[in-house]
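Working notes, structure below.
In the numbering used here, the protein residues as written are 17 to 260.
As structure tokens, then:
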């Protein structure tokens, strides 16, 4: 059944709108503001109701984007030998990986001595010459005679520092940020109430050297007290972001 003049005019108007939209998309691709510079096939068809549908089909796998405009950061996926990582590229062509890691502690863990030990779960691996920013949130408890101490261990040759936010005295005080310029150096926290749940943050920047290894939370009692363990509770967590 042929279309009426009104139906034909409406259909022509839809096609004109579609062509205008496709032209705008092609201009975005040419100006470098789109995600990729690959050729793009614009395929249109009509469904049974006469609605216009647009499909964006890449004719080949995405290429590594070129340098973006000044003050613009381009983000894209890069294939490695065994995985895909997200990276950024600035206007100078500097490429930085944007790797992330999250670990949530699933079980409580306690110790009754002042010898530093690796937390069973709160750690992650980094590669040679990688740079990471790291945050730990620790839910802990201790006896007032044993207290607790923390440190962060990093691979041999890693540079950086870490800080810990803790209450300096009673639970009504504001937190104080204690810093340490040496991985493996400890920062102690006093328990104001025996076996009461307390929380603290640790923040670190790790500039690794040529040795791959783990960024590892370590902790122990500050003073050995066998009567009650110092412990880190479940649902403590860490998160890290690779920045170089």
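Glycine residues also receive a C-beta, built at the ideal position from the N, C-alpha and C atoms.
Predicted model only: the values in this text are computed from it and were never measured.
### Query
Does DSSP put residue 20 in a helix, in a strand, or in coil?
coil
### Query
If you draw a straight line from the C-alpha of residue 141 to the C-alpha of residue 117, how long is it?
9 Å
### Query
For residue 235, does the count of other Cβ atoms within 10 angstroms reach 16, so buried, or fall short, so exposed?
buried
### Query
Does the Cβ of residue 258 have 16 or more other Cβ atoms within 10 Å, making it buried, or fewer, making it exposed?
buried
### Message
For residue 169, would you say it is in contact with chain C, using Cβ-to-Cβ distances shorter than 7 Å as the test?
### Response
No chain C is part of this structure, which consists of one protein chain only.
### Query
For residue 206, which of 200, 251 and 191 has the nearest alpha-carbon?
191
### Message
Closest to residue 260 by C-alpha separation, out of 145, 28 and 31, would be which residue?
### Response
145
### Query
In the DSSP assignment, what residue or residues form a beta bridge with residue 180?
194 and 218
### Query
Across which residues does DSSP place residue 110 in a beta bridge pair?
Note: residue 110 sits in no beta bridge, so no partner.
### Query
Would residue 18 be called buried (16 or more neighbouring beta carbons within 10 Å of its own) or exposed?
exposed
### Query
Can you round the beta-carbon distance between residue 254 and residue 119 to whole angstroms, since I take them to be within the 8 Å contact cut?
5 Å
### Message
With H, G and I counted as helix, E and B as strand and the rest as coil, what does DSSP make of residue 40?
### Response
helix
### Where residue 22 falls, given that 16 or more other Cβ within 10 Å makes a residue buried
exposed
### Inter-residue Cα distance where the pair is residue 158 and residue 121
18 Å
### Query
Under the three-state reduction of DSSP, which class applies to residue 27: helix, strand or coil?
helix
### Task
Can you grab the Cα-Cα spacing for the pair residue 8 / residue 38, in whole Å?
Residue 8 is absent from the model: the chain starts at 17 and stops at 260.
### Task
Name the two residues that bound the continuous beta strand (DSSP E) containing residue 147.
147–157
### Task
Figure out for me which residue from 252, 203, 34 and 30 has the closest Cα to the Cα of residue 237.
203
### Query
Run through DSSP, which three-state label would residue 254 get?
strand
### Task
State the Cα-Cα distance for the pair residue 165 and residue 172, rounded to the nearest angstrom.
22 Å
### Task
With DSSP as the reference, label residue 33 as helix, strand or coil.
helix
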